[in-house]
Amino acid sequence: LSNKIYNNNILNIIRSCKINNKPIIIGINFKDFNFSQFNLLDKLYNQKGYYFIPFKINNPITRPNDLSFDSSLIAQTTLLALQNIQIKPIFSSF
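Set out below in structure tokens:
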């Protein structure tokens, strides 16, 4: 999910994964994240089948609203998601 932009192809993939009981891996990359939207992420986090690639605030001093996932953890997140295990999704900013 990048800057709240998604299209029908992504929605179709998510629908297919849900129908076939496959994990849905989510990588967050927002340049202007509104923390009031955190409830939406919390709802996804608490639903079965959704797994987040761990993410963090890029720079808490100069860009406190920028969130991005750690691309080095994509493979590890996928392997654990296949075992129904969620890595702690939010890294410390410091």
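Per this note's numbering, residue 5 is the first one in the sequence shown, and the count goes up by one each step. We treat Cβ as the ideally placed atom computed from N, Cα and C, and that holds for glycine. Here the structure is a predicted model, which means the values were calculated and not measured.
query, result
"Return yes when the Cβ of I14 is within less than 8 Å of the Cβ of T82, no when it is not.", "no"
"Whole angstroms are fine: how far does the CA of Q87 sit from the CA of K26?", "11 Å"
"Within the continuous beta strand (DSSP E) that includes K60, where are the two ends?", "59 to 63"
"Report yes if the C-beta distance between I99 and F73 is below 8 Å; otherwise report no.", "No statement about residue 99 is possible, as the shown extent of the chain runs from 5 to 98 and does not include it."
"What's the C-alpha gap between K35 and R67?", "8 Å"
"Does DSSP put N24 in a helix, in a strand, or in coil?", "coil"
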